[in-house]
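First the structure, in the form of structure tokens, and then the observations on it.
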Ligand code: RIB
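In my numbering, the protein residues as written are 89 to 380.
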């Protein structure tokens, strides 16, 4: 049986501008191309999970605009269950994104409907499905909502994975609900309020109950254990666009944990999928299924 995995989080319409030169204050520059696509950290992670063959469910909130209907269709096309998607009046989330010639991005998220998820309804919906393997979350929805949902998950012995992106300080009560915390380097510094070095990684890991994995971009990932750090290399690839690579990692890791793989196997698969994603433009459009 496939694992049932819920993602609670954001859906955005990504608006990409690809440009060799990024504008400085007050400057106008020409870019090379413009594209739109489906994004949002929650959505990206759910799509990755759906592509890999777990039973993916998304709890997100869409507005009443054209973006919302297109987003629903996109979820269905990627085998993500949309029975529990919430709707409110107003705009759906959008994210203007600049990508430079090195494939690095700068993102502004306008959350819109993402801020209005009804957590009570979300919990009732999760209960309706039952037998959930994993719940995954990020910081693009209000932490109050995450707090209620992850508290419920912990009380019900559901494995929890949290990706603190965009970086936000997490209080100790919330951290107690998390089985796997997956920040990138910058997010680790924000969450832990320390600089990224081995001593601080091991120290912070000792302060939290769950496991800690820090993604290191082209250098792979670090799995922090009680007294040592295990590093996992990433393959050398030609980077086109790094947008959504972290989400590909988290979605793949969640799928692998749902499939009862070891954390080490889950990290290796997550690095493989996220490395592949940076070789293509866009977020979800750069993801590949298990057979590719
Ligand atoms: O992690 C990449 C995502 O961040 C984009 O899809 C964008 O929507 C923002 O949420």
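Think of the CB as a built atom: it goes at the ideal place given N, C-alpha and C, for glycine as much as any other residue. On a predicted model such as this, the values are computed, not experimentally measured, just so you know.
Residues bridged to residue i (per DSSP)
i: residue 175; result: 150
i: residue 102; result: 125, 183
i: residue 145; result: 94, 169
i: residue 225; result: 96, 250
i: residue 81; result: In this structure the chain extends from 89 to 380, so residue 81 is not present and cannot be described.
i: residue 319; result: 310
i: residue 193; result: 187
i: residue 303; result: 272, 309
i: residue 198; result: 182
Residue i: CB within 7 Å of a non-hydrogen atom of the ligand RIB
i: residue 369; result: no
i: residue 331; result: yes
i: residue 272; result: no
i: residue 339; result: no
i: residue 201; result: no
i: residue 129; result: yes
i: residue 162; result: no
i: residue 120; result: no
i: residue 365; result: no
i: residue 195; result: yes
i: residue 336; result: no
i: residue 105; result: no
i: residue 102; result: yes
i: residue 362; result: no
i: residue 183; result: yes
i: residue 123; result: no
i: residue 251; result: no
Residue from the options with nearest C-alpha to residue i
i: residue 290; options: 318, 205, 274, 329; result: 318
i: residue 264; options: 278, 285, 254, 241; result: 241
i: residue 206; options: 185, 233, 191; result: 233
i: residue 393; options: 150, 154, 159, 113; result: The chain is shown from 89 up to 380; residue 393 falls before or after that span and cannot be answered.
i: residue 363; options: 305, 123, 153; result: 305
i: residue 69; options: 98, 341, 190, 284; result: Past the boundaries of the shown model lies residue 69; the chain is included only from 89 to 380, so the question cannot be answered.
i: residue 127; options: 177, 295, 184, 299; result: 184
i: residue 148; options: 172, 167, 135; result: 172
i: residue 201; options: 100, 342, 341, 320; result: 100
i: residue 230; options: 220, 256, 246; result: 256
i: residue 221; options: 375, 332, 346; result: 346
i: residue 177; options: 154, 163, 168, 187; result: 154
i: residue 90; options: 125, 107, 141; result: 141
i: residue 352; options: 377, 330, 327, 299; result: 299
i: residue 197; options: 190, 228, 215, 308; result: 228
i: residue 165; options: 152, 358, 135; result: 135
i: residue 225; options: 217, 251, 247, 137; result: 251
i: residue 121; options: 276, 105, 212, 286; result: 105
i: residue 313; options: 324, 296, 323, 108; result: 296
Whole-Å CB distance - residue i paired with residue j, under 8 Å assumed
i: residue 130; j: residue 253; result: Wrong, their Cβ atoms sit about 10 Å apart, outside the cutoff.
i: residue 144; j: residue 95; result: 7 Å
i: residue 280; j: residue 272; result: At roughly 13 Å, the Cβ-Cβ gap does not stay under 8 Å, so residue 280 and residue 272 are not in contact.
i: residue 339; j: residue 133; result: 4 Å
i: residue 139; j: residue 377; result: 4 Å
i: residue 330; j: residue 302; result: Contact flag wrong, Cβ pair sits at about 16 Å.
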